Amino acid sequence: MFPLLSAIIFLPVLGAVLIALTPRARVTLIRALAFVFSGAALALALALFAGFSRNVATPQYVERAAWIPQLGISYFLGVDGLSLPFIVLTAMLTFLAVIASWHIELRPKEYFALMLVLETGVLGVFSSLDFLLFFLFWEVELIPMYLLIGTWGGPRREYAAIKFVIYTLAGSALMLVGILTLYFFGSAHTFDMLALRQQGIDPVVATFAFFLVFFGFAVKLPSFPFHTWLPDAHVEAPTAVSVLLAGVLLKMGGYGMLRVNVGMMPDVLAANAPFIGALAVVSILYGAAVSTVQHDLKSLVAYSSVSHMGYVLLGIAALTPGSLGGAAVQMFTHGLITGLLFLLVGVVYERTHTRIIASMGGLAPRMPLIATIFVIAGLASLGLPATAGFIGEFAVFVGAYPSLPWLTIVAIFGVVATAGYILWMLQRVFFGPPNPRWAALTDANRWFEVAPLVTLAALVLVVGIVPSLLTDIIQASVPGLASSPLLTAAR
Amino acid sequence: MPSTLWLILLLPVVSLALITLLRPAPRWSGRLTILAIGGSFVFSVVAFFEMLTRQQAAVAAHQEVEPVVSMVPWFQLGKTSFEVGVLADPLAAIMLLVVTTVSLLVQVYSQGYMAGDPGYRRYFAFMSLFTFSMLGLVLAPNFLQMFIFWELVGVSSYLLIGFWYHKPEAAYAAKKAFITTRLGDLGFLVGILMLYAYTGTFDFHQLQAAVKVGALGGAVLSTAMVLVFMGAVGKSAQFPLHVWLPDAMEGPTPVSALIHAATMVAAGVYLVARAFPLFQAAPTALMVVAVVGGFTAFFAATMGLVMSDIKRVLAYSTVSQLGYMMLGLGVGALSAGMFHLFTHAFFKALLFLAAGSVIHGAMEQDLFKLGGLRRHMPWTALTFAIGGLSLAGVPPLAGFWSKDEVLTAVYHSGNGLLLALGLLTAFMTAFYITRAWLLAFAGEWRGAAAAPPLPPGYALTPRPSPTGYALTPGPTPTGRGVGGEGVPAAGSEAGHGGSHGGSPGAHAHESPAVMVVPLLILAVPSVVAGFLGLPGANWFGSFLHGEEESAAEGIVIASSVVLAGLGILLGYLTYGARAISAEGLTAAFRPIHALLVNKYGLDDLYGWLVNRLYVGISLALAWFDQRIVDGLVNLVAWLAAQVGRGVTRTATGQLPNYALAVFAGVVVIANVVAVVAGR
Numbered sequence: 001m002f003p004l005l006s007a008i009i010f011l012p013v014l015g016a017v018l019i020a021l022t023p024r025a026r027v028t029l030i031r032a033l034a035f036v037f038s039g040a041a042l043a044l045a046l047a048l049f050a051g052f053s054r055n056v057a058t059p060q061y062v063e064r065a066a067w068i069p070q071l072g073i074s075y076f077l078g079v080d081g082l083s084l085p086f087i088v089l090t091a092m093l094t095f096l097a098v099i100a101s102w103h104i105e106l107r108p109k110e111y112f113a114l115m116l117v118l119e120t121g122v123l124g125v126f127s128s129l130d131f132l133l134f135f136l137f138w139e140v141e142l143i144p145m146y147l148l149i150g151t152w153g154g155p156r157r158e159y160a161a162i163k164f165v166i167y168t169l170a171g172s173a174l175m176l177v178g179i180l181t182l183y184f185f186g187s188a189h190t191f192d193m194l195a196l197r198q199q200g201i202d203p204v205v206a207t208f209a210f211f212l213v214f215f216g217f218a219v220k221l222p223s224f225p226f227h228t229w230l231p232d233a234h235v236e237a238p239t240a241v242s243v244l245l246a247g248v249l250l251k252m253g254g255y256g257m258l259r260v261n262v263g264m265m266p267d268v269l270a271a272n273a274p275f276i277g278a279l280a281v282v283s284i285l286y287g288a289a290v291s292t293v294q295h296d297l298k299s300l301v302a303y304s305s306v307s308h309m310g311y312v313l314l315g316i317a318a319l320t321p322g323s324l325g326g327a328a329v330q331m332f333t334h335g336l337i338t339g340l341l342f343l344l345v346g347v348v349y350e351r352t353h354t355r356i357i358a359s360m361g362g363l364a365p366r367m368p369l370i371a372t373i374f375v376i377a378g379l380a381s382l383g384l385p386a387t388a389g390f391i392g393e394f395a396v397f398v399g400a401y402p403s404l405p406w407l408t409i410v411a412i413f414g415v416v417a418t419a420g421y422i423l424w425m426l427q428r429v430f431f432g433p434p435n436p437r438w439a440a441l442t443d444a445n446r447w448f449e450v451a452p453l454v455t456l457a458a459l460v461l462v463v464g465i466v467p468s469l470l471t472d473i474i475q476a477s478v479p480g481l482a483s484s485p486l487l488t489a490a491r
Numbered sequence: 001m002p003s004t005l006w007l008i009l010l011l012p013v014v015s016l017a018l019i020t021l022l023r024p025a026p027r028w029s030g031r032l033t034i035l036a037i038g039g040s041f042v043f044s045v046v047a048f049f050e051m052l053t054r055q056q057a058a059v060a061a062h063q064e065v066e067p068v069v070s071m072v073p074w075f076q077l078g079k080t081s082f083e084v085g086v087l088a089d090p091l092a093a094i095m096l097l098v099v100t101t102v103s104l105l106v107q108v109y110s111q112g113y114m115a116g117d118p119g120y121r122r123y124f125a126f127m128s129l130f131t132f133s134m135l136g137l138v139l140a141p142n143f144l145q146m147f148i149f150w151e152l153v154g155v156s157s158y159l160l161i162g163f164w165y166h167k168p169e170a171a172y173a174a175k176k177a178f179i180t181t182r183l184g185d186l187g188f189l190v191g192i193l194m195l196y197a198y199t200g201t202f203d204f205h206q207l208q209a210a211v212k213v214g215a216l217g218g219a220v221l222s223t224a225m226v227l228v229f230m231g232a233v234g235k236s237a238q239f240p241l242h243v244w245l246p247d248a249m250e251g252p253t254p255v256s257a258l259i260h261a262a263t264m265v266a267a268g269v270y271l272v273a274r275a276f277p278l279f280q281a282a283p284t285a286l287m288v289v290a291v292v293g294g295f296t297a298f299f300a301a302t303m304g305l306v307m308s309d310i311k312r313v314l315a316y317s318t319v320s321q322l323g324y325m326m327l328g329l330g331v332g333a334l335s336a337g338m339f340h341l342f343t344h345a346f347f348k349a350l351l352f353l354a355a356g357s358v359i360h361g362a363m364e365q366d367l368f369k370l371g372g373l374r375r376h377m378p379w380t381a382l383t384f385a386i387g388g389l390s391l392a393g394v395p396p397l398a399g400f401w402s403k404d405e406v407l408t409a410v411y412h413s414g415n416g417l418l419l420a421l422g423l424l425t426a427f428m429t430a431f432y433i434t435r436a437w438l439l440a441f442a443g444e445w446r447g448a449a450a451a452p453p454l455p456p457g458y459a460l461t462p463r464p465s466p467t468g469y470a471l472t473p474g475p476t477p478t479g480r481g482v483g484g485e486g487v488p489a490a491g492s493e494a495g496h497g498g499s500h501g502g503s504p505g506a507h508a509h510e511s512p513a514v515m516v517v518p519l520l521i522l523a524v525p526s527v528v529a530g531f532l533g534l535p536g537a538n539w540f541g542s543f544l545h546g547e548e549e550s551a552a553e554g555i556v557i558a559s560s561v562v563l564a565g566l567g568i569l570l571g572y573l574t575y576g577a578r579a580i581s582a583e584g585l586t587a588a589f590r591p592i593h594a595l596l597v598n599k600y601g602l603d604d605l606y607g608w609l610v611n612r613l614y615v616g617i618s619l620a621l622a623w624f625d626q627r628i629v630d631g632l633v634n635l636v637a638w639l640a641a642q643v644g645r646g647v648t649r650t651a652t653g654q655l656p657n658y659a660l661a662v663f664a665g666v667v668v669i670a671n672v673v674a675v676v677a678g679r
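Residue numbers (the numbering used here), protein chains in the order written: chain A, 1 to 491; chain B, 1 to 679.
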């Protein structure tokens with residue numbers, strides 16, 4: 001059988017190697033290579049999407065090869081309803097990010113190569129069914145991201161990049177200890193993530209392991225109070241890197257929680273649901289409030305991620321089939337919407353050379369296409385029905401309410417707060433009398449600007465109107481995650 | 001019949017899609033929209049007669065009429081299947097007629113009103129979106145779909161209020177409308193979640209069944225229904241969330257007529273009517289509806305007394321009349337509330353379109369600058385008068401019958417206070433609409449020459465900072481008729497400017513036929529629609545219910561007619577005959593007048609809560625985030641660095657090396673594991 005997953009994962013890194021071998025001066029060839037290899041990965045990911053059996057809960061397209069058999073470590077890949085959406089999302093956003101980076105002039109060779117390495121790392125995380133393999137891919141993603149922010153970023157890029165890396169490394173150190181704890185103190189002595197779901201482990205040890213990995217993932221998500229790396233990283237990162245950071249890297253946190261915390265230790269999660277739910281609600285409201293008063297357009301969108309990923313955490317904490325499904329949907333739709341928002345911030349910045357909201361105003365007549373798509377993205381972000389943003393939020397609320405009614409009610413206030421900062425931002429950036437300072441600006445008019453914007457805006461509407469495209473996949477595996485037989489009592 | 005219903009719903013989507021994707025010539029976007037809505041109208045008439053036949057058959061068989069339902073699965077997540085579809089029963093059939101009739105007439109009128117506007121195509125695209133959303137709301141078979149289209153009409157309203165987005169007032173009012181109504185939707189959403197948590201369904205009929213078998217009731221149902229009603233409070237601009245509607249007058253006037261008078265704002269009333277069996281099972285919630293409605297009717301009418309902007313008078317009047325509808329529903333009279341919705345849709349749309357004609361022809365909307373227009377705009381003056389008399393409740397016009405049915409129902413409920421509020425409102429209504437007509441159409445032109453100056457507060461100053469104050473740039477904190485679309489801003493001047501000029505007042509002219517004809521058409525139901533609901537021969541009530549309503553009460557009719565007459569008389573004496581000095585009245589009631597003009601200070605209070613309190617807290621949190629949360633992170637990093645000094649030699653400062661170290665560490669650990677595991 002053709003190893004489809006391996007092909008998807010390693011095509012980008014193959015592209016990166018070819019780019020590395022290409023002479024620096026041949027910029028067009030470098031771009032073309034990045035386009036072709038990220039495009040090929042996307043095409044295969046779509047083939048995977050098409051071939052995926054929607055009524056099978058267990059992993060499909062499994063590839064397994066012994067690696068360190070003495071330790072139960074194997075090269076073990078597979079996709080299920082939880083991982084498939086994020087594989088497709090990663091492949092798609094990377095492809096669009098490559099297009100959106102077409103005009104990068106600073107060392108394009110390194111830039112595109114690193115972006116493709118990053119893609120391989122993230123795809124590996126979403127495909128691994130061996131915990132150690134998962135961890136290695138998790139680490140692989142770090143270095144390209146560090147270099148992308150640190151080299152192509154804004155004025156404070158080095159600070160932001162170092163902060164990102166140290167924060168994530170601290171999180172992954174915790175995670176590694178957690179992984180090893182599960183290995184040593186469980187009954188299965190394996191890194192097989194499917195087997196780990198079934199193993200027996202002492203409840204106290206399980207709680208210990210649970211929080212170690214939980215905090216590792218919470219940094220990535222990010223959840224309050226581990227979120228402060230995010231605004232710094234976003235504000236400094238170049239546009240396409242922000243898109244990937246918000247669009248797919250944050251999802252690794254929520255994905256990990258669903259795969260590990262929910263999938264392997266639902267009892268511990270259930271016991272700590274009020275605490276985790278409270279963390280979620282704080283993230284939602286705190287993120288929204290802090291967003292409201294940001295001066296910088298990009299950091300407004302960055303803080304909105306903290307708020308929106310809070311809904312994911314709420315869905316996870318509530319631990320009902322609907323809320324878990326809602327959490328997965330919310331992650332996917334947030335990837336689309338926030339990816340789009342960062343692209344938009346990027347094209348606006350390209351023109352105004354400022355991101356300070358107060359100095360904008362009246363941009364809509366100058367750039368009608370950008371304004372229209374910005375309004376669509378903004379409305380999606382505030383959860384308007386018929387856009388993708390509604391589906392995840394609403395599903396989380398419906399699922400979470402029976403389990404955590406009060407926390408859900410408080411979380412719903414976030415919906416009004418979101419409407420507040422989004423609409424106020426749109427008003428200050430695009431509406432009002434035309435500002436003569438921006439009279440000479442043009443609308444998005446280059447193909448590498450227009451194509452990603454239109455694609456993502458269309459997807460935001462398509463997923464909002466035909467959510468079953470996404471939910472049929474998620475429904476296959478995610479709602480059942482918490483219900484696997486799990487023996488927390490060591491016998 | 002289901003296919004008819006789907007067609008009604010989907011035709012406006014077709015026009016929206018065609019306009020958006022093909023970008024036809026502007027006038028074709030208008031025609032496409034009219035064609036689509038015309039189609040929806042025709043099919044609504046078909047559906048109505050079909051429903052009528054079914055109703056008659058059901059009555060003959062002594063049964064309740066079965067609603068027509070067609071469902072499609074939407075998506076499934078967890079154990080919940082989300083479904084959408086269409087449902088038609090007599091209630092929906094009536095509402096379909098109202099929405100498509102008014103919508104069609106307003107679109108035709110818009111061709112004249114919006115002529116030459118650079119955003120003409122966008123206007124009709126938004127109108128298609130609105131009509132689709134409103135029809136989806138009317139046809140909703142469950143709370144989920146109701147909520148979805150509820151939000152979509154909200155966003156259509158946002159887009160259309162802010163249609164002339166270069167005007168800061170318009171952009172501000174659009175945002176205010178969306179956020180204020182969303183505050184109510186918060187309750188709506190929690191209410192739906194509660195109902196779902198207890199019953200596992202969003203479906204109206206399954207919820208009713210749950211109530212019938214006793215699976216749902218008591219405090220849970222009461223709480224849920226009060227929460228659901230919060231949504232209606234926001235959408236139908238009931239106290240205390242009414243503040244957005246007067247500001248929404250920044251939108252083009254046909255928008256005000258369609259969305260902010262006849263249809264969308266009535267969605268709250270429709271919601272209560274749709275969920276009426278659930279409300280009936282929750283008397284506490286129904287009482288809340290009655291009290292909020294009765295108080296709003298009175299409260300809004302008081303502010304209508306002093307407004308100087310013709311559209312704002314009508315806006316407060318709408319809030320007040322919506323209060324009547326809620327009052328009727330709240331005292332248990334479904335058909336009374338819905339009947340008032342029905343007649344109000346026609347006469348209020350008429351009043352707004354006539355006001356639009358005034359603004360179009362005179363380029364002025366401040367009542368104190370208008371005057372004498374009956375000579376220049378006879379058709380507008382006539383139709384405004386018909387709408388006004390209907391609103392005032394003068395027999396035998398439509399508004400008289402429906403309002404009296406509401407008041408009769410209140411009388412039967414035995415609540416004296418609510419009845420008193422309703423009657424006082426009738427008096428004030430007659431007064432303020434008489435005042436508006438006289439100031440606009442009687443007397444002499446008081447305004448400036450052709451081009452009116454910018455109203456105060458229209459200065460195009462950018463707001464100071466993103467730190468809060470800008471959240472209410474509202475240059476219109478008082479009710480003093482500020483901010484008008486008559487201003488020849490870039491959006492509207494193309495349509496209005498140019499041809500006008502000459503001596504003061506002389507520029508005012510009657511509007512073109514494309515605008516006047518819809519006025520005349522709307523004038524017909526404003527006069528005769530009431531005959532559908534005559535006491536004792538209440539066709540409307542029996543269609544809605546399948547049974548007769550209670551008979552009229554002479555005392556109620558007599559008092560309301562006398563009070564309306566007194567209101568008109570007082571209005572005439574003050575603004576027509578000038579026997580009573582308006583200035584004298586103002587002086588005599590100065591504190592009250594000031595209170596009313598300032599809208600009871602509620603706008604200021606809300607402004608303070610949002611701009612000072614909420615933004616203040618947010619600023620504090622942002623400071624906390626930067627200094628404390630991030631400060632701690634940096635502190636930890638610094639401490640770690642100090643400790644790290646000891647092992648500086650191994651630290652190369654190259655991150656890839658660190659990563660390599662991590663990787664090596666993993667391998668080492670793996671080996672340790674191997675040894676341990678290999679025991």
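Every residue, glycine too, gets a C-beta built ideally from N, C-alpha and C. In this text, all values refer to a predicted model and were calculated from it rather than measured experimentally.
Going by C-alpha to C-alpha distance, which of the options sits closest to residue i?
i	options	result
Val345(A)	Val281(A), Gly200(A), Phe430(A)	Phe430(A)
Leu18(B)	Ile8(B), Leu32(B), Leu7(B), Leu9(B)	Leu32(B)
Thr442(A)	Gln70(A), Thr455(A), Glu350(A)	Glu350(A)
Gln55(B)	Ser542(B), Asp603(B), Ser581(B), Arg612(B)	Ser542(B)
What are the partner residues of residue i, as DSSP defines its beta bridges?
i	result
Ser308(B)	Partner(s): none; Ser308(B) has no beta bridge.
Gln60(A)	Val79(A)
Pro73(B)	Glu83(B)
Asn142(B)	Asp203(B)
Asn538(B)	Gly533(B)
So is residue i buried or exposed if we call it buried at 16+ other beta carbons inside 10 Å?
i	result
Gln111(B)	buried
Val228(B)	buried
Gln76(B)	buried
Item to complete: Give the residues from the region 600-617 of chain B that approach chain A closer than 9 angstroms (Cβ to any Cβ), ordered along the chain.
Response: Val610, Tyr614, Val615, Ile617
Worksheet item: If contact means a Cβ-Cβ distance below 7 angstroms, which residues of the region 617-628 of chain B contact chain A?
Response: Ile617, Ser618, Leu619, Leu621, Ala622, Asp625
Discussion item. Short of 7 angstroms Cβ to Cβ, which residues in the region 391-404 of chain A face chain B?
Written reply: Residues Ala395, Phe397, Val398, Gly399, Tyr401, Pro402.
Practice prompt. Only counting runs of 4 or more residues, tell me where the alpha helix (DSSP H) segments fall wholly within the region 190-226 of chain B, in order along the chain.
Written response: Taking 4 residues as the shortest admissible run, the region 190-226 of chain B contains the following complete alpha helix (DSSP H) segments, listed from N- to C-terminal end: 204-212.
Fill in: Members of the region 178-203 of chain B near chain A, C-beta cut-off 7 angstroms
Phe178, Ile179, Arg182, Leu183, Leu186, Leu189, Val190, Leu193, Tyr196, Ala197
Discussion item. Suppose only complete runs of 4+ residues qualify. What are the alpha helix (DSSP H) ranges in the region 90-144 of chain A, listed by chain order?
Written reply: 108-127, 131-140
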